């Protein structure tokens, strides 16, 4: 029993040593999700290169607000953050034909794929060993779907994590409150903003 426990510890130390030499290109969708996800990966021993690539964000002021807060998260956790090009037309092209899809439908799949592909290319350009995304932190985002899309793009280079598991989302919100981060109330694209505004719009009662 003692020998088995000893070799188990040795394997764990060896595995953590392997991880410590690995650099991960982490796609960041927002500061709050990044707070919980990046903290977890750093605790696991990974070195991070943050990549903020979100051409889906609307309006432009929202993009820069989320980018500014993402920089705050990166500074608090001491990892570099790089911003990809903000070209909304690229996102519009990627989701063309899926404008009327509901939140979480195929339009979102196209959006995820666009951002994951860019993160994979960022990984290759920066010499990182793996790539990952904070998208799985979202309570309404399927970690399995994200993993499937990412593996189709980058195969075994994708570091799969369901960041909202093990109270990950709770930890992210705790850090957000602690650091005073901006907490948005819609996913980010113009369609999600439209849906938010429709939900807020009062319903006219014909009996009134």
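In our numbering, the protein residues as written are -18 to 189.
Glycine residues also receive a C-beta, built at the ideal position from the N, C-alpha and C atoms.
As the structure is a prediction and not an experimental result, all values here were calculated from the model.
Cβ neighbours of residue i in the same chain (closer than 7 Å, five flanking residues each side left out)
i: residue 206; result: No answer is possible for residue 206: the residues shown for the chain start at -18 and end at 189.
i: residue 125; result: none
i: residue 66; result: none
i: residue 64; result: 33 and 48
Among the options, nearest to residue i - alpha-carbon criterion
i: residue 153; options: 18, 92, 9 and 10; result: 18
i: residue 28; options: 112, 74 and 47; result: 112
i: residue 44; options: 30, 9, 139 and 78; result: 9
i: residue 168; options: 148, 47, 20 and 23; result: 47
Supposed contact pair residue j and residue i - C-beta distance, whole angstroms, cut 8 Å
i: residue 70; j: residue 62; result: In fact, because the Cβ distance is near 24 Å, the residues do not count as touching under 8 Å.
i: residue 109; j: residue 6; result: 4 Å
i: residue 94; j: residue 130; result: 5 Å
Sequence-distant residues of its chain with Cβ nearer than 6 Å to residue i (five each side left out)
i: residue 171; result: 39
i: residue 106; result: none
i: residue 37; result: 72, 92, 169 and 170
i: residue 60; result: 29 and 31
i: residue 50; result: 12, 162 and 163
Cα-Cα separation between residue i and residue j, rounded to whole angstroms
i: residue 178; j: residue 97; result: 28 Å
i: residue -6; j: residue 165; result: Only weak support exists for where residue -6 lies, its pLDDT of 42 falling under 50; the value from the coordinates is given anyway. The alpha-carbon atoms of residue -6 and residue 165 are separated by roughly 39 Å.
i: residue 147; j: residue 102; result: 30 Å
i: residue 160; j: residue 52; result: 12 Å
i: residue -10; j: residue 114; result: The pLDDT assigned to residue -10 is 45, lower than 50, so where the model puts this residue is not dependable, and the model offers no usable value.
i: residue 122; j: residue 80; result: 18 Å
i: residue 196; j: residue 137; result: Beyond the ends of the chain as shown, which are -18 and 189, falls residue 196; an answer cannot be given.
i: residue 57; j: residue 142; result: 22 Å
i: residue 157; j: residue 3; result: 27 Å
i: residue 83; j: residue 175; result: 11 Å
i: residue 87; j: residue 155; result: 31 Å
i: residue 149; j: residue 78; result: 34 Å
Own chain partners of residue i with C-beta closer than 8 Å, once the 5 adjacent residues on each side are dropped
i: residue 119; result: 10, 14, 145 and 168
i: residue 135; result: 97, 101, 104 and 112
i: residue 127; result: 93, 97, 114, 116 and 117
i: residue 75; result: 91, 92, 94 and 95
i: residue 181; result: none
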